[in-house]
Amino acid sequence: MSDVVEKTLTALPSLLSLDSQPGSAKLSSSSKLGHLIRGITELTSKHEEEKLIQSELSSIKEQVSSPNATMRQMKELMVRTIYCEMLGYEASFSYIHAIKLAQQGNVLEKRVGYLAVSLFLNESHELLLLLVNTVLKDLQSTNLIEVCMALTVVSQMFPKDMIPAILPLVEEKLNHPKEIIRRKAVLALYKFYLIAPNQVQHIHNKFRKALCDKDPGVMSASLHIYFQLIQENPEGYKDLTASFVTILKQVVGGKLPMDFNYHSVPAPWVQMQLLRILSLLGKNDQSMSEIMYEVLDESLRRAEMNHNITYAILYECVKCIYTIHPKSDLLEKAAKCIGNFVLSRKINLKYLGLKALTYVVQQDPKLALQHQMTIIECLDHPDFIIKRETLELLFRITNGQNVTVIVEKMLDFLRTSEDDYTTTDLVGKVAELAEKYAPDNEWFIETMNTVFSIGGDMMLPDIPNSFLKLLSEGFDSVEEDWKLRLFAVNSYVSLLQGEPSKLPQRFLQVICWVLGEYSHLREDLEPDIVLRLLAKLLDMKSSSIETKSWVLMAMTKLCSGGTATSAAQEVSETYSSSLDTMLRQRAHELQYLSQNLELQARVLPRNDYPKLVEVDSSLSFLDGFVSEALAAGAAPYKPPHQRQEELSRSKALSLEPYGLSLPISMSSCSIAERQSPTLLSISSGLSGDSTDLSHKGGSTTLKLDGVKRVWGREGYLIQKEPVEEAAQVEDPSPLQSPSHQGDGDVSHSKTSTSTPTPECDQEKQQLASSLFVGLSSQSSMGKSEPTPQRFRRKAKGPSTPSTTSETTSNQLVSPSTAVDNLLCNNLLDSSITSELDVSSTQLSEGFTTANGPCDAELELTDSDMKGSDPAVKGGDDQEVAADPAPHEDPNRHKDLCLTSHLPAELSGLFHSEITPVCTNQSLDVSACHVHKEDSLVLVVFIANSTNSAIRQLLVQIISEELEVSCVCDSPVEEVRSHGVAVCHYSLTVKRPSVHFELVGIVSYQLPAETPQTVQFSYKLPLTSFIRPLTVSTEEYGTLWLAFSHDTKQNLTLMSDDQQPLVATLNVLKKKLLLHVVEIIGEEGIVACRLLQDQPCLMHCRVHAGMLAVWLRSSVADLPDCLLYHCQRALQEH
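According to my numbering, the sequence shown is numbered sequentially starting from 5.
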């Protein structure tokens, strides 16, 4: 390793001109760059390298900022910075200095500056604007080196908006006397054509001049431009076919300088580019193709060397021969070449042969028959790429007779594949073959089930959408439709009765849609059974929110009265208070439509064949609206390409000052309308009457939960095992016949596989007869006859005379239906089952809030009065029953006796009900929480129920959302017989949530026994941490404008009172401890705070019989969580 480093350091001075002194051929040991490189090579860990680079960057930053730094010193600093950036460490402070070096230095310094700029910046970087004048000046320079450097930068990373400024100067360089300048100018124009083709349309004639340039380098550079132009418009360049043929003849004949040869092959990359261009010009054109025959034959004949570059030329020749108008003798030579590729023992050549065979098999299907045994062997090849390309070849030759065998091979490959791209690609191919060539309904459904199971959520969404559309629209035969749908229903019911948790989410969504639409076709299947199966999907933890939406939509279609309605009501009550807007909407649709069967029949008609509706594709019904909007001053519509052009002509940097920074949710309001809610004169756009949740302005940090971490500072984190390559053995030329390859075969005898047995040969013959059946009847050249498709979609109805309408299906293939807009009001006043069975307990009159003594007795909601699940986990996560011992009375009241053990500082405060959370033969654990004005305290009671003392007692409380701190003076380590130990903890919210879960671990030891551990959980609602916030109306207005996290929702209004707004706010005040700041007319403002001192404001307005609520806070997620409890409080009132 040291020899390599020393050679590198020796070459650096001449490469980067670090030392301008003559005779300096070696990088001295005192050179800072040499010292840096040697230091890095001696390190043993990534951490040491990072520490060294950061120290180096700090030193460079200090030196480049020094006003005394010379250009020569700056050049040396830039080289060190380039090295640090190449190692992956950012040095953004040096970007501006690199531009200065390119602007102010001499030729050697400018070269380093341009090099640094090209490595540091990209095309969209704003600092590139500072380089435009420098490039313009260097393009006009008389120094060839400066002109070359400017053209190099232009062809690499010049901004698109600045092309018109330098385009005339680059055009002038096409006539420069030096060929290197002309070549670089052509490459710069090629870059311009790629990023802004419209700006170089007027200089196409100059491209022709470059094609005929006397310098081969300029000519080869122009081929890149012509390849792009001919791809877009082959007819416009047919007149250049003879010119390209002439150039190829000269190249193949070795007329170019020896500098263009590669391993004695004349200009191989120029040959390949010319062959690609000729294939485009000769496609479907016999006259143009006849001009090419001679030079193609010559190219095949001369490519006789055994080298990879000649194999590449042969591959391009084969593709060209099979693309242009066919000629028999050329086809025979190309087929022979492909055969030699496929039969080669080199993996690279075998892959090249399969690639060529895949390309030509559509024109000559019989060619695959000649190599069918080789293709069969490739299916079991150990190389992954060979197997994948073989399956691609089989996909091209699939027909109705061999589809089952080929699809089975593809599915077998997918079951073992770990490559996501391959899985996505092959899943789409299998789905396409299944729909096109399916022999029967059973095979089609089972194959698609396998596709959905293997493809999972990686498959493209078009696959399930196409499948559902096929089921929905039907086919030519009514009987076939019925059979296919019925078999799908039977298949999906059996899958749901098995283990649906193992199925991918998209497959579950397909199952839900099919059962919701067509489960009625099975007469012996009751809707109740299907509803229960679908309800199981809602209880699975793996089910996503999108899948649950599909489930609720399917249940909505299946509700037809009776017991089905009661089951639907239970589900709708569970999800009608969900935090997710989509789930909440689906739950209300389910609840409403299950009670109104007449509306359900109208909204979701059950028809095997949906009515075809006429769709006005021109949207002529909007003409009146558009006219009114234009008359009112609205801007006319601009097509996307016009908007793009205007955007490109606009200035790159905006020098106008930024406007007022406003929250995202208020962006639709004008500045004039943005008044504080405290003024109670908010416009309709701000009054919270929208039922849609606004865009959350939550945390600005990137949320990466569930995202696989693949890249890190040390590079790619997932290292795959390298595949050992086979030994490189020279193959004979692909043009040689197999009879002349005897010697080569002997050389491969050591690496060849064992001789197959006769039974193996017989199996391969049978597989070949199954795979390649139907190919022998197809023509030798030209595409095969189309195979009749089993599933032909039903023809559309007769077209109407109107040219602006189309016919489409009214059946939707997504959970979104017409009911989305039908049910515009969220039915939040429906009865919803509480998540926890709780009993409300009133606060004593002496409890004082931040707003003074409460006049009314306040209530706590949800699980405020209880702990949560009393199930307890024993040591080693063993679950311990929480039932009381047989000799105990389960109805006895422990509250009074445990209350006496409360600490003195907490005994006078309000506390929740003391709830048993853990019970076993040794101890009983209970808990409650105590409300203080500035905090919440969790109290844990540990009662010893044995006749001996418990020692080494340790209690740990853990929570992800809460910060837990013990407030005991000294931890309790021993509990005497039938005694009680008390531990209390202060709780602080780290991240808001609807409910907080605390996990407690109690470890202890009885005399003469091993240590034991029990675990319990305790839940707290968010309302336990809410306190009133006493503010004035003016203070409220100031806080409102300062907060950015908000949400909006319509809530149920207490309509049974003469003053519904006052009654509703009183309910929220009593149950949630909110402070009503002011009520004026139909609007009111409320304030509260989350411990510790995290405000949340609420603006309320009576609108359309509902309470439009808008919550704002400085804490992300707090408005959503508090809104949930507001809904619950009003529903339970």
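Idealized CB from N, CA, C, for every residue including glycine.
Here the structure is a predicted model, which means the values were calculated and not measured.
Pick from the options: whose alpha carbon is nearest that of residue i?
i            : options             : result
residue 59   : 417, 95, 74         : 95
residue 1134 : 1068, 527, 319      : 1068
residue 177  : 188, 437, 168, 441  : 188
residue 445  : 494, 201, 185       : 494
residue 160  : 141, 186, 127, 1034 : 127
residue 357  : 367, 390, 80, 439   : 390
residue 253  : 302, 440, 111, 500  : 302
residue 448  : 458, 620, 437       : 437
residue 934  : 910, 957, 947       : 910
residue 487  : 522, 514, 470       : 522
residue 171  : 182, 181, 149, 144  : 144
residue 352  : 377, 331, 370, 319  : 319
residue 341  : 330, 371, 413       : 371
Using three-state DSSP, classify residue i as helix, strand or coil.
i            : result
residue 197  : helix
residue 919  : strand
residue 217  : coil
residue 959  : strand
residue 1120 : coil
residue 357  : helix
residue 789  : Note that residue 789 scores a pLDDT of 47, beneath 50, so its modelled location is shaky; the value from the coordinates is reported in the next line. Coil.
residue 1108 : coil
residue 1035 : coil
residue 934  : strand
residue 623  : coil
residue 1014 : coil
residue 970  : strand
residue 257  : coil
residue 115  : helix
residue 570  : helix
residue 324  : helix
residue 39   : helix
residue 329  : coil
Residue i and residue j: beta carbons closer than 9 Å?
i            : j            : result
residue 982  : residue 971  : no
residue 325  : residue 287  : no
residue 1000 : residue 969  : no
residue 1005 : residue 959  : yes
residue 590  : residue 642  : no
residue 102  : residue 85   : yes
residue 292  : residue 300  : no
residue 304  : residue 347  : no
residue 501  : residue 546  : no
residue 269  : residue 311  : yes
residue 1103 : residue 1088 : yes
residue 966  : residue 993  : yes
residue 131  : residue 125  : yes
residue 984  : residue 922  : no
residue 210  : residue 162  : no
residue 1064 : residue 1057 : yes
residue 927  : residue 954  : yes
residue 1101 : residue 1043 : yes
Name the one or two DSSP bridge partners that residue i has.
i            : result
residue 403  : Residue 403 is not bridged to any residue.
residue 441  : None, per the DSSP bridge assignment.
residue 1000 : 1024
residue 366  : Residue 366 pairs with nothing; no bridge assigned.
residue 1053 : 1113
residue 928  : 923, 947
residue 978  : 955
residue 988  : 943
Does chain C have any CB closer than 9 Å to the CB of residue i?
i           : result
residue 382 : Annotation note: the requested chain C is absent from the structure, which comprises a single protein chain.
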